[in-house]
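As structure tokens, the structure follows; a few thoughts come after it.
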Amino acid sequence: MFLKKSLIIGLLFTSNLLKAQVVLKADGSDDAYQQISRVLGGDACEVPDCAHHVKHITEAFDKHLGEYVFVFHSHAKEDNDRCRNYDRVRVEIKTYGPSAAKLKGERGETVIYKWKFKIDSGFKAQPTFTHIHQIKAGDGDAGVPIITFTPRFGEPDKFEIIHTGSAKGTSQGVLAGVNLVDFKGNWVEVTETLHYDSVGTYNVEIKRIADNKILLSYVNTNIDLWRKETSFCRPKWGVYRSLKSPAYIRDEDVMFADISIGEQN
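Just so you know, this note's numbering puts 581 at position 205 of the sequence shown, and the rest follows in order with no gaps.
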């Protein structure tokens, strides 16, 4: 395996699981945008710096993981969606058209995404939307995400995984929901496996790192994971949220670490 700063490309000849893996790992860089884009390709950061002139993704050393992590800063009053939409805030990273082929999910491929994330102990969920992970079509019918990870306000607050298919009849809605309190203030590790197709498969496990407790485990062997006129699907990570419920939101710092993308043989 060859290691250079944030980019690790492992060619796993002895394993029948992954044929290639790319890892995005913070290293304490002063320019997180450049580091992220160097790994994911193109201009991979979607941030509202045009409206609020600060860096919305930085790096910090985390004592619990013992390594540098990415910190996504989302501000309730100063930020918007890249000076394009003003009823929402977007601080996300992505793969997309200019990204390498091994970072895109093509029809018939099985892709494994792994990462760690942490929301603050005082994180505020809202009744509209806050997405901290999305799977989207890269082109074609690319508006509504296929999969989202969504903290949701309620009694109690929930962490939901939501699915939207290519048509109303193939949309399955909330696939899984668990209490959000177990996530607050804790690092968790996600393993998400998708077989991209109109009759696809979806498997996700979320584990709390401190005690290895499984917070969420879900398997679906018949789920629509493709869109019309789409040539590839891709992941996004960060904070994408509505501003329409101002009483329910505050400034948030959400941390991400050790993001990997692997194609399965």
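No residue lacks a Cβ here, since even glycine has one placed at the ideal position from N, Cα and C. Since the structure is predicted, the reported quantities are computational estimates derived from the model, not experimental observations.
- Query: Nearest CA to the CA of Cys-459: which residue from Phe-448, Val-423, Val-447, Leu-619?
  - Reply: Against the sequence shown, residue 459 aligns to sequence position 83. Closest option to Cys-459, Cα to Cα, is Val-423.
- Item | Expected contact under 8 Å - CB spacing of Ala-609 and Ala-513 to nearest Å | Taking the sequence shown and counting its residues from 1, the one referred to as residue 609 is at position 233. Taking the sequence shown and counting its residues from 1, the one referred to as residue 513 is at position 137. The amino acid occupying residue 609 in the given sequence is Cys; Ala does not appear at that position. About 6 Å separates the two Cβ atoms, so the contact holds.
- Query: Any idea what DSSP makes of Gly-553, helix, strand or coil?
  - Reply: Here the question's residue 553 lines up with position 177 in the sequence shown. Of the three classes helix, strand and coil, the one that applies to Gly-553 here is strand, per DSSP.
- Do the stretch 592 to 604 and the stretch 563 to 574 touch if we need at least three Cβ pairs shorter than 8 Å? Taking 8 Å as the limit for Cβ pairs, the verdict is that the stretch 563 to 574 does touch the stretch 592 to 604.
- Message: Ala-408 and Cys-421 - do their beta-carbons sit closer together than 9 Å?
- Response: The count along the sequence shown starts at 1 and reaches residue 421 at position 45. The count along the sequence shown starts at 1 and reaches residue 408 at position 32. Yes.
- Going by CA-CA distance only, name the one from Thr-486, Arg-466, Pro-527, Ser-547 that's closest to Asp-496. By one-based count along the sequence shown, residue 496 stands at place 120. Ranking the options by Cα distance to Asp-496, first place goes to Pro-527.
- Around the C-beta of Ala-633, are 16 or more other C-beta atoms found within 10 angstroms, so that it is buried, or is it exposed? As a first step, residue 633 must be located in the sequence shown, where it is residue number 257. It counts as buried.
- Task: Measuring alpha carbon to alpha carbon, tell me which of Arg-414, Met-631, Asp-627, Thr-577 ends up nearest Thr-486.
- Result: For the purposes of this step, residue 486 is identified with residue 110 of the sequence shown, where counting begins at 1. The candidate whose alpha carbon is nearest that of Thr-486 is Thr-577.
- Item | Expected contact under 8 Å - CB spacing of Gly-553 and Lys-534 to nearest Å | For the purposes of this step, residue 553 is identified with residue 177 of the sequence shown, where counting begins at 1. For the purposes of this step, residue 534 is identified with residue 158 of the sequence shown, where counting begins at 1. Confirmed, about 5 Å.
- State the start and end residues of the unbroken alpha helix (DSSP H) segment that holds Gln-640. Residue mapping note: residue 640 aligns to position 264 of the sequence shown, counting from 1. Per DSSP, Gln-640 lies in no alpha helix (DSSP H); the unbroken beta strand (DSSP E) holding it starts and ends at 628 to 640.
- CB of Val-467 within 9 Å of CB of Ala-452, strictly: For the purposes of this step, residue 467 is taken as the residue at position 91 of the sequence shown. For the purposes of this step, residue 452 is taken as the residue at position 76 of the sequence shown. No, these two residues do not count as a Cβ contact at 9 Å.
- Query: What did DSSP end up calling Leu-383 once you bin it into helix, strand or coil?
  - Reply: Taking the sequence shown and counting its residues from 1, one reaches residue 383 at position 7. Unreliable placement is indicated for Leu-383, whose pLDDT of 41 sits below 50; the coordinate value is still reported in the next sentence. DSSP places Leu-383 in the strand class (E or B) of the three-state scheme.
- So what does DSSP say about Ser-607, is it helix, strand or coil? The sequence position of residue 607 within the sequence shown is 231, counting from 1. Under the three-state reduction of DSSP, Ser-607 is assigned to coil, being neither helix nor strand.
- Query: Hey, quick one: how far does the beta strand (DSSP E) through Ala-436 stretch, first residue to last?
  - Reply: Locating residue 436 in the sequence shown gives position 60, where the first residue counts as 1. For Ala-436, the uninterrupted beta strand (DSSP E) segment begins and ends at 433 to 438.
- Query: So, do the stretch 617 to 629 and the stretch 497 to 510 have three or more beta carbon pairs nearer to each other than 8 Å?
  - Reply: Counting Cβ pairs under 8 Å, three or more are found: they touch.
- Message: Would Lys-627 and Phe-448 qualify as a contact pair, given that the criterion is a beta-carbon distance under 9 Å?
- Response: Within the sequence shown, numbered from 1, the residue matching residue 627 stands at position 251. Within the sequence shown, numbered from 1, the residue matching residue 448 stands at position 72. The residue asked about is misnamed: residue 627 is Asp in this sequence, not Lys. Against a cut-off of 9 Å, the Cβ pair of Phe-448 and Asp-627 comes out as no contact.
- Task: Within its chain, find whatever has a CB closer than 8 Å to the CB of Ile-537; leave out the 5 residues flanking it on each side and keep chain order.
- Result: Here residue 537 is taken as the residue at index 161 of the sequence shown, counted from 1. Taking C-beta separations shorter than 8 Å and ignoring five residues to either side along the sequence, the partners of Ile-537 in its chain run Ile-523, Thr-524, Phe-525, Thr-526, Val-550, Leu-551, Ala-552, Gly-553, Val-580, Leu-592, Tyr-594, following chain order.
- Query: Any idea what DSSP makes of Gln-548, helix, strand or coil?
  - Reply: Here residue 548 is taken as the residue at index 172 of the sequence shown, counted from 1. Residue state, collapsed to three classes: coil.
- Go through its chain and collect everything with a Cβ distance to Gln-510's Cβ below 6 Å, but skip five positions before and after it. Here the question's residue 510 lines up with position 134 in the sequence shown. If we look at Gln-510 and ignore the five residues flanking it on each side, its Cβ neighbours are Pro-521, Thr-524, Lys-612.
- Within 10 angstroms of its Cβ, does Gln-410 collect 16 or more other Cβ (buried), or is it exposed? Position 34 of the sequence shown, counted from the start, is the residue given in the question as residue 410. The residue in question, Gln-410, is exposed, as its Cβ has fewer than 16 Cβ neighbours within 10 Å.
- Item | Residues that DSSP places opposite Ala-518 in a beta bridge | Stepping through the sequence shown from its first residue, residue 518 is reached at position 142. In the DSSP assignment, Ala-518 forms no beta bridge with any residue.
- Task: Take Phe-446 as the anchor and find which of Glu-568, Trp-491, Gly-530, Ser-542 has the nearest alpha-carbon.
- Result: Walking along the sequence shown from the start, residue 446 turns up at place 70. Phe-446 has its Cα closest to that of Trp-491, out of Glu-568, Trp-491, Gly-530, Ser-542.
- Message: Going by DSSP in three states, Ile-412 sits in which element: helix, strand or coil?
- Response: Here residue 412 refers to the residue found at position 36 when the sequence shown is read from its first residue. Here DSSP, grouped into helix, strand and coil, assigns Ile-412 to helix.
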